[in-house]
Structures are given as structure tokens and as C-alpha cells.
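S.K.: Protein chains in written order, with our numbering: chain W, 1 to 361; chain D, 1001 to 1361; chain F, 2001 to 2361; chain H, 3001 to 3361. All C-beta atoms in this analysis are idealised placements derived from N, C-alpha and C, irrespective of residue type, glycine included.
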């Protein structure tokens, strides 16, 4: 039993190897940005309304054609079998049960088709050096029934996550980048993907794999290309500068995700919640704005929406819950927290949340 | 002996069960707002005046027809028999002795009539689902001689107080919601009220009772109804947004209490003291503004008045004092602190306090 | 040997009874203002100048006709025999040696005449209820050769210093308010002055004495009276509000001391250094402005002067040094720190210090 | 192996005498400014750009005619043989290998000629009382092939570094101010230079030497003189006030270094990074602005450049690395961090870094 999402982290600590815990928990560099995400969220104060006559708040919303039981999506996260043998399947099914979208990671440890069959999903696309493989994934996602294509743009290279480096973290043999297997000529080599990379001096095996597989030099032209290549709604994840948000919209994005990758990419980057306002000001009328990085409670969801987000993405807490087979409970808890926070803030629906006054402590 | 109100908390800790301590001490969620109440008050700096020729400051004031020996009222707090067998009676008598109003909680553990007979009181009204019961209480309060009706509007549902959930906190058998007994058909069931509710998964017994007994969907129309139903001066407690303060006044409220319920309702809500200024700006000329949540010393009282409050409400410190049979001493100490702070700030009376300059550290 | 003024506090701790340490170290209430004094000073940043061609900075100045070897005066502090048998005599001689004024406290434990004979002094006047005694002190100070009369206006009543209350602090028999002895009818009773007061419930003996001996209701008319009564330059100590500074000047004060009494009076009061700027803006052209409360180093002296003070007063560190017979060394160290800070900031003289840019960290 | 520059400090701690560690690590006074340097850098947030199409960022730049492989120079630091027998030679060669300038200290423990022969260098000039010696050094630097003359202007006297005073720190016999030997009449006395100074009361031997050898009263006229005396590009190090920056440029400086000497001179001085903006605003169009003090990572380099610096100087971390013979690794790590931070911030080159938006946490 957990009473708050934070409880899952300590529960998971009891069952996970240290290196896996660190892989999930860690940020890049001195983890300044990771800490900043929380500090900035905690400093956002809400001014609740009263006597709003709300019996049961309507937590539902609609984003990119998906109906959401609450304004939350499961953030794309790699290698979920690190946490539980059923990994992505378990979490995706819980998301479906909870009525929210699950975002399949390019680096999922089950094939995207298998996950998409289990639950309504969006597909998160990393930019692979191998254009054929990349193209194939874009089409596989659509064919598998994913309803949105989320292109992550903040990983030209993996941020240096010192915990992983110090742990010489490498994937266990049975956890592979499953989406990258089938279409290669040497299935085994691809299947073993990351695990084939060993930790070199100053580089974790995961980072080595990323460096070899990901294309750093992605550009707006590439985004245009993928926009044409897929008919799915395009979501650009990892935007912090409003100029980039504007350009993403002009390039055809239907949504942007304000995110610093949970403090795992550029250490020193602005807290996501602090970047949200300027992005909303720039493109809020023209596209959906999602907020990612640091969300840990229903109050955080309300904070993000009061500052202009349409929904948030939640990551690490669900991995901790996955490790202790409590994802249904975790999502139920979060749903309840969102509902209670809305009720306590006098909000009948998400539009009312958007109208709350916020301050800074 | 206590030298500061804070001393009572440690003294009470020695005599109370952990679950009762936590019930009193705790806030909702991660207790961000509860901590914020103190941090914000501590950061309010005062600029004292000198050579004001004050021999003995006049700490008295008048609020809603009540004469106050100091600008303080005892906040409404449930189930005071948890702290002492004489509970509300003891604290109400001490308040009378100290010359300040005692506010009887809907959830008092002695019947309101018994408390009102013991001391001049106001009555705090929660919004019960049972309209007959609610109506009855409104009238009982007036008949019992209460001189103001304070409607609490920030508890559409109880905030999730994790300490209570973790403690599976339930009321002992001999502590009941005494006001809810008489008029029900099944006196015993009502009498056992909260204690009949057991702690379910993720829900304390107290919260379960609140959920079953309280009406979440209270609206401004309901406030209008109660305004008509009672001839007592109407006080609306739990206002943080100036727009709501304005509407409360327009609905007939003679006072509003700026409060976040001591950090026990919406976690993430603005500190009460930070919400005070905008509310005073909005309605300060049209109604009385009281400040609740976090007051712990005479300096805090002066801070609140310098920022525009007419008086404050004090809660937890008096419960701790109640647990060690020191409520008279506690109120005497607070009165003395208010007096000393006024003298040290060169204030002959409360109007002078209102004229102090404040800053932020 | 001490390398910084802070060292004396730990050295003194080894030789002083706890209650005396607490009497010196403590502030009022929760000591918020005492801590704030340091935090605010530490947050003042200096922008030094370079290539100023300064060989040896001129640290000297002139305040109220006194030539100062550095812009520092010894703050008035009661009962210095608590720290050392020679008490005021030792510290006053050290101040003379260091070329700075010593301010004799009304509550000195040696008669003011004896101290004034030992070193150039100013006299600090508390406002006694006994007007004859008060008048007598004013004249005795002038006759003894004191060159300024500093009226303390922030002690209508003593702040509640909880350490003293908890320690039931009382003066030892051999430490008396020596200035209050001679002119009373019952010399012994007066001599035993404070020690005759025992700690009552919630009141230290020192506070009890203050309450009985001091007049709280001092007014601007009284200040006018004392202005007429004495021909000495008038200094008003304990000003924080610029309106009071203006009125002090209009009443004939030649200097004001921006002070919160080292955090020992109104807890919650603004930090002295934060109150300085507005006071300087209000009266800086018309009188001398001194800064008191929290000064612990040469950098602090430079901070205060850069913000508009003409000089500062230093208190507690010199008492700690007195306890270990190191007052000469302490003042030499401070002089050296002032000199070094000026040299490092490129300041040839105090006027240059006043021209430094400051910021806030 | 180190994964972050911070690692070298702990590694070095295991091999260095405490007094040497403290000599390197310490700041002046209460080390407020030293701590502030880090706090201020940590609070600078970056808003990265995305989809910039950068494959491999160009970290190179050009400062004062030197081509830099990254926008970093090795700060001038005295007595590097304290850390390693090969001292300056080892670090200078590593700098050359890394493609960045090495700045030879006036107080280098190898003769400047020997260092300059080992690697492309700039020469840092302290202002010696002995004008003949000073003149000789200026010319020796040029003859030895140094390509810039960096005059340090923030050491009219050495800041009081209490760690050194408490440790009675003195140089070991085999570490001397090698540049001050040859041209004196008494070679031995000069060679033993600092070590001949013993720690006196309150003064470390190093500070005593500085006091005897350095001229405090340096002025803008002296800067003019040295400008005429040398044909090398003139860099003025230790500027914090924009008025001084302007005057340095008007006096012929081609670069200024915004520095508070790593928090080792005026304690209480503004953080270097906070002083940068105003200096850039004042002279950024007219000269090169470098930033020194507190740089510990590639993110810090990007922060400084985003705020207007052309390059930074790095000090202490390289001394720690020197102590464990890891300077090549350290500079490689820093280069990599700069590269990664640029890639993660979407910056193709240093001009792009200058265009990043920054904020404050």
C-alpha cells in the first residue's frame, strides 16, 4: 500500500538492484536541474476557489484525439523490463485501465506492436542514425494503432548520468531494445543491442549504445520529413525555448511537450515548470502544450494546468510502482489526488483549473 | 511552565498517543502548505515605531459585536476531547476568561449548547449532506446564544492527511461528534458517528466520516440560503482568492477568514499570510478580514494586523496546551506577547498596529 | 589568539557559565530577527574598485566631534563585569587605545565617572521611571566628560529573551547597576538593584528589574526635554522607521543609530542593515547615521558604510573578547580587517567606501 | 578515474598535506564570496535549443590571437610544485595538449622561461614593489614567447585566508618563487623568497611575503606605464565594477577578466558571474571579457558564455588533478563536458552559446 506516489520509490528500493535504482532515479551532471524541477514545482502556490458547487470534478480531457480520464499520460521510458518482467505490457495495461495514454518508447523492451495491442498508445520516436530503421519504426507505430507520434528532440546525445557511469551500468542480457531487433540483418546483435555495449571509461553501456544508434544532427528539416512521413498527429517532446515551440508549430506539430527529460539531459537547464509559461504564451493558442519532468502528485498536475498545460506526463513514479506491481494502484492514487485537488480548489473541470491564480513561494 | 506557545507541543507530545499528535499536527499531502504558512510568516518583517508614549497598549478590539481582549479568536477545531476529557468546555472557559471568542466546531465532542453555556461563542458550520440536520444546527447555534455563524467553505472533501492514513487513525469510542447525535433517529449510530467509520484503504476513519457526512457541492446559492436562514452575523472561513472574498461580501458576509485550514486542505495552496493582502485590498473596506493558519506568537498577531487583518484565529497551540491543562496559561502568554510586541513596536492600540510598515526578509 | 572575531565566542564559551553566555548571546522570542541580522548582512555584496593607487587606506573619521581611528564605536552593553572583573574599565581602556569611542551603558557595573575617567566616552541613557535619577544621570554624564548623550528608545519594556527566562537568569551579587546606587536613599537596595529581583514565572530577574526601573511611556516630548536638559550632542539609538528618524532630527538629534538591539527587542523586526537605506534616504543629509546589530567583521563595516552609515557599533564580539582578556587584540583585529577590506575594495578613505556599489546575493 | 571535475578534489585530499589542501581550497574571511561563486553559478539556468542540426559542436574560439580548442584558459596559480614535483611544467604541457592557453603566475615555482618553452603561455604579472624586477619580468615574459600580459589588479594586499593563518602555512623549502631568483643580488635569499617568511601572529608566511614583495598602491597610471612597456596584448584581471572595466579599456586593455580571485581576496565581494553582465554591457563591444572564479563544469562554461563571456579561466580543479597526475584527463573531461553541453543546448558553435536565453532559479 502506498499513500503517496513518493512511497513507491522507497518500496522499490527494497526490491531493485542499486544500479537499476540509480538508472531510474539519476539525473545528468550534478543533478542540479533534476533537483530544480522539484524545487520549482514546490514553489508554485495555488489560490483555490470556494463554493463552486462541485460535487464530483470532471477530470477528463481530450488531447490529440485521445480521451483522457485525467490530464495525464504515461511518459515514454526505456527498458521497463528492468523493473518487472512484464514491463511495458503491465504499465500500458494499467494506463488503459486508468483511461490515459501510454507512450511507447523507441527503447521499449517489448516490441511496440505487442504493447500497442495491449493498450491505446502513442509512440515515442528517437532519431536513429539508421534512416531505414527510423522510417520503419514510424510506419510500424501507425500500423500498430498508435494514435500519435512523439518525436523526442532533446537527446542529440545522452546526458552524462554519473550514477550510471560510476555503476558501469549495463543492461542485463534479457533486457533488449526490442523494437530494434526484427528488421536488422543480424537479429541477435540488434537484440542484444545495448547489452552488447560495455561500459567504457567514463561512458555507461546505455550511453554508448545511444551514441552509436542515435543521430545527433537532427534538424528542423528532419522534423518536416517525419511530418510528411507520418499521418499521425505530431508531438515534439523536449522543448524549453518558446522560439523552438513556435517553430515546431510552424513545422506542423500539434503538440509540444515542455520537458527537460526529468533532469537527465542538459544539467543546468531551466526547470520545466519555469519554462512552461513562456511556451504557453508563444504557442498556447495554436497547439497543445504538455508538461513533463518532476510531476509527483495531483497538486503538481493542477499546478501545471493552472500555468497553461493541457496535460502532464508522469514518469519515474510509475516505474517505481511497476517494480512493486502496483501500477494500477499508483494510477488510481494519482487520479484520486487530481480529483481531490480539483475539488479542494473548487474546479468543476479542467477549464476551471486553467483559471486558477498561481503565485510563487 | 511554557515560555513560548511552541513549548506546549513538546509538552503535549509526552502525554498524547502518537496518532492523536499526528491528527493535530499533520497537514495534507506533502505538507508543503503547512510549512509554507510558517515560512511566510517568519519572512514578514516589521518596522517598529519609537517614542510613541505608550504606557500600556490597548490590545482590545471589537469584531462582529464581540469585544475582544486581544485580536484573537480560538479557531474551530474538532473533537477536543481527544486532548482532554473536558475538551471544548475547558478551552471555551479559558477563552472566556481571556476575553476572546471561542468558535464551536460542528464536530465538537461536547454538544454546542453545553459549550455555548460555558462561554461566549461563535458557531462554525460545516456543510452537512443532511439538510434537516444542517438547518437544525444553524438554529440550535442561535438559540444556544452563539453570536456569529462561521461557515467553513474549504472542506468540500477532507484533504488527504497522510499521517492519519498511515496511522489508520480512528476516534476512540468515547469521542463523538456530539452535535450530530440528538436529532437523528438512531442516536447511537450518530453518536458513534466517526468512530463507526473504520479506516479503509487509503482513507482514515475521520476522512471517511467527512466524506459521508459533508456535502461537497456547496455553492454560493447555498451561502445565500444560510444567510437567510440565520440572523447571526455571517462569517465565511477558508477564503484565499480575492474574487471569492468579494462575492462573499456581496452575498452578505460580514467577515471573511483568510485561511488554508492550517495546511490541512489543498496541499500547494498559498500561505494564508500571502493571501491576506489581496483580500484586504478587495474587501477590507466592506467587511472584517480575519487571518487563520500558522499563528504561533504575539509577533505573528502583529504581523497579520500590520498586513490588514482585524484579528487572527489560533488553533493547534491551544490544543497542545489543552492536552497539558494549560490553556489559561497559554492564552495569558499569548496576550502578554501581543502586548509586549505592541509596546516594542510603539503601538498604543490596534489601529497603530495597522499602520506599521512591513517588509519581506 | 583569534583570527576572526567569531573565534572569541567559542573561546569565551570555555570560561563562562552557561547563563552568562546565554544572556549575551540570546535574542528575543524565537530569535528570528537576531538570525536575520546576520543573514541580511551576509547577503549584501560589494563591488570593489581596483587600481585606486591606495598605499594605506585612511580608516579614520569623525563623528559628533569624536575622532575615530576607524568607523566603529563600542556599543553600550550592560553589566560588563559579568564577563570580567574589570568589566567596563578594561573594555573602555581598550577602546581608547584603539582610538574609538566607548559608550557607557546606564546599566554599567562600574560607575560612569570611573569609566569616563578611564577613556573618552559617550553615555547611553535608558529612560528611568525616576525622573530625578534620570536627570541626575544626564548631568553626571556631562560632568564626567562624556561627549555625547545616546538615548536608547527601543526598550519601553525588555524583549522576552527566552534563554534568560529558561535559565532563571539573575545577576550574581557582585554585579550591580552601579550608576543607580549613589543617589537613592537606600544605597544597598539600589546597589543590589537587579540582583534583588528574582526570576519570577516567565520573567528573568533582569527583565523584572527593567520593568520596575524603566519608563515605557517615553514620548517625543520627553526627547525634547532631554534635549534641553543636556548640552551634549544627542544621539537617538534604536530607530528603524524613517519617519521616526526624521522626527528625531527635527527634535534636535545630531545622530541616529539604526538598530534592532541585536535582535533582543521586537522579534520579527526588520534586519538593521535592511532598515539602513530608507533611514539614510530620509535623514542622511541632516544627521549622522550609525548602524548597529550584527556587525562581526571589517567587511560588515564596509557593507554598512557602503549603504550609507557613517560608522557602526559593535557589541557582542567585544564581550566575548572581554571574557578572555583579549579586547585589545579584538579591536586590533577589527581595525586590520577594516583596513584590509578598504584596501581590497580600492578605497583610500571612508568617502570612497561610501561610493562603492552594493548588491544582494 | 574521475567522472566530474569535483572528483579530483577528493582524490587529491588523499595525497596532499592538510595545509596544502587548505591553501588551495580556502577563501578569505568567512569564505562568503567563495561559496557565493558556486551558489550564483548554480542558480543560472539555461534554456537549450533543439533540432539545431548539430553533429559535432565547434568548441573552438580565438582570444587575443590564441586559438583555443575550447573557450577555457588555465588560470594563473602560484607554486604549482606544491601539488606535484613537475608542477607548472606538467599542467602547462597538458594545456598545450588540450589546445588552450596556460597562464604563468608571477609566483610560479618554475622559471617562466622554462614553462613558456614547454607550452604556449600567457604571463600573469603581480605588481612588485621592486620596479626593476617588475620591468625585467615584463620583458622576460615577452622574450620567452608569452603572447599576452595579464596584470592582476585585485591583490593590493593578500586577502586574509584564515585556513592558512590557522595552519601557519609556509612553503616547503623546495618550493620557491622561481621567477624572482635570478635577477636579485642575493640569489639565495630571493630563491628562498616566501619560505624565508615565517608565519607571524595572524599572518601566514605566504601573506607576509606578499606584503613585503607586492606594491599595494598600484594605479591607473601604472597600468598606462606597463601598457607602454610591453607590446603584448594587455589583459586586466580582477575587475568587478563596470566603471573599472571601461577605464581598463580606455587605458588600452584588450581584455578584462571578471574575477573575485576565487573568493580569496575581498570577502563579501559580489559573485563573479553576477558581476559579468554589467561588465559585458559596459565594454563587451570594445574588448574581450573573460570570466574567472568558480567554474567547475562544462555547464558552467556555457553559463558564462551565455551571459557574455568570451571564455573562462579554470583554476582549483586543475590543481587537484595535478596532485593526482590527471591533468590531461581533467582537461579532456572538461572539453567533453563543454562539447556535450553545447550539443545538448543545440549550439553549433560559441556564437550560438552566446545566443542562449538564461534565467535564475
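Determine the burial state of residue 3231(H): buried for a count of at least 16 other Cβ atoms within 10 Å of its Cβ, exposed for fewer.
M.R.: Around the beta-carbon of residue 3231(H), fewer than 16 other beta-carbon atoms lie within 10 Å, marking it exposed.
S.K.: When you compare each of 2334(F), 2130(F), 2120(F) to residue 2067(F) by their alpha carbons, which one comes out closest?
M.R.: Out of 2334(F), 2130(F), 2120(F), 2120(F) has the C-alpha closest to the C-alpha of residue 2067(F).
S.K.: Considering Cα atoms alone, identify which of 3268(H), 3057(H), 3218(H) is closest to residue 3131(H).
M.R.: Across the set 3268(H), 3057(H), 3218(H), the C-alpha of 3218(H) shows the shortest separation from the C-alpha of residue 3131(H).
S.K.: I believe residue 1153(D) touches residue 1238(D) by the beta-carbon criterion, under 8 Å. Please report the beta-carbon distance rounded to the nearest angstrom.
M.R.: 5 Å
S.K.: Assess contact between the segment 2313–2325 of chain F and the segment 2278–2288 of chain F, defined as three or more Cβ pairs (one per stretch) separated by less than 8 Å. Is contact present?
M.R.: no
S.K.: Hey, is the segment 336–353 of chain W in contact with the segment 51–58 of chain W, meaning 3+ C-beta pairs nearer than 8 Å?
M.R.: yes
S.K.: Run through DSSP, which three-state label would residue 1064(D) get?
M.R.: coil
S.K.: Closest by CA to residue 2098(F), which one among 2358(F), 2071(F), 2117(F), 2180(F)?
M.R.: 2071(F)
S.K.: Residue 3106(H): buried (16+ other C-beta within 10 angstroms of its C-beta) or exposed?
M.R.: buried
S.K.: Run through DSSP, which three-state label would residue 99(W) get?
M.R.: coil
S.K.: Got a sec: is the Cβ-Cβ distance from residue 328(W) to anything in chain H below 8 Å?
M.R.: no
S.K.: From the beta carbon of residue 159(W), is the nearest beta carbon of chain H less than 8 Å away?
M.R.: For residue 159(W), at least one C-beta of chain H is nearer than 8 Å to its own C-beta.
S.K.: At the 8 Å Cβ level, is residue 1059(D) part of the contact set with chain F, yes or no?
M.R.: no
S.K.: Kindly indicate which three-state DSSP category residue 152(W) falls into: helix, strand or coil?
M.R.: strand
S.K.: Tell me, please, whether the segment 270–281 of chain W touches the segment 238–249 of chain W by the rule of three or more beta-carbon pairs shorter than 8 Å.
M.R.: yes
S.K.: Expressed to the nearest angstrom, what Euclidean distance is found between the alpha-carbon atoms of residue 3100(H) and residue 3026(H)?
M.R.: 26 Å
S.K.: Quick one: is residue 2048(F) buried, meaning 16 or more other Cβ sit within 10 Å of its Cβ, or exposed?
M.R.: buried
S.K.: Looking only at its chain, what residues have a beta carbon closer than 6 Å to the beta carbon of residue 9(W), apart from the 5 residues adjacent to it on each side?
M.R.: 320
S.K.: Give the secondary structure of residue 220(W) by DSSP, where H, G and I count as helix, E and B as strand, and everything else as coil.
M.R.: helix
S.K.: Is the Cβ of residue 3153(H) closer than 8 Å to any Cβ of chain F?
M.R.: yes
S.K.: Could you give the DSSP three-state label for residue 3122(H): helix, strand or coil?
M.R.: strand
S.K.: Residues of the segment 295–314 of chain W with a CB closer than 9 Å to any CB of chain D: list them in chain order, please.
M.R.: 296, 297, 298, 299, 300, 302, 303
S.K.: Could you list the residues in the segment 2013–2026 of chain F with a C-beta less than 9 Å from some C-beta on chain H, going in chain order?
M.R.: none
S.K.: Just to make sure I have the definition right: I need the residues of chain H whose C-beta is within less than 8 Å of the C-beta of residue 218(W). Which are they?
M.R.: Within chain H, the residues 3051, 3053 have their CB atoms less than 8 Å from the CB of residue 218(W), given in chain order.
S.K.: How far does the alpha helix (DSSP H) with residue 1286(D) in it reach, from first residue to last?
M.R.: Run containing residue 1286(D): none; DSSP gives neither H nor E here.
S.K.: Can you name the residues of chain H whose CB is closer than 8 Å to the CB of residue 2001(F)?
M.R.: Simply 3201, 3202.
S.K.: Would you say the beta carbon of residue 214(W) is closer than 7 Å to some non-hydrogen atom of the ligand GDP?
M.R.: By its list of ligands, the structure shown contains no ligand whatsoever, and the ligand GDP lies outside what it can speak to.
S.K.: Of all Cβ atoms in chain W, is any one closer than 8 Å to the Cβ of residue 3340(H)?
M.R.: yes
S.K.: Contact defined as beta carbons within less than 8 Å: I believe residue 3032(H) pairs with residue 267(W). What is the distance between those atoms, to the nearest angstrom?
M.R.: So it is not a contact: roughly 25 Å between Cβ atoms.
S.K.: Shortest alpha-carbon distance to residue 279(W) belongs to which of 222(W), 127(W), 236(W), 329(W)?
M.R.: 236(W)
S.K.: Which of the three DSSP states, helix, strand or coil, is assigned to residue 169(W)?
M.R.: coil
S.K.: Check whether the Cβ atoms of residue 164(W) and residue 207(W) lie closer than 8 Å to each other.
M.R.: yes
S.K.: Per DSSP, what kind of secondary structure is residue 950(D) in: helix, strand or coil?
M.R.: Here chain D covers residues 1001 to 1361 and nothing more, so residue 950(D) does not appear.
S.K.: Give a yes or no on whether the C-beta atoms belonging to residue 3171(H) and residue 3205(H) are separated by under 8 Å.
M.R.: Taking the C-beta atoms as reference points, residue 3205(H) is found nearer than 8 Å to residue 3171(H).
S.K.: So, at 7 Å on beta carbons, what are the nonlocal neighbours of residue 2246(F) in its own chain, with the 5 sequence-adjacent residues on each side left out?
M.R.: 2282, 2283.
S.K.: Residue range of the alpha helix (DSSP H) that residue 298(W) falls in?
M.R.: Here the alpha helix (DSSP H) through residue 298(W) covers 298–306.
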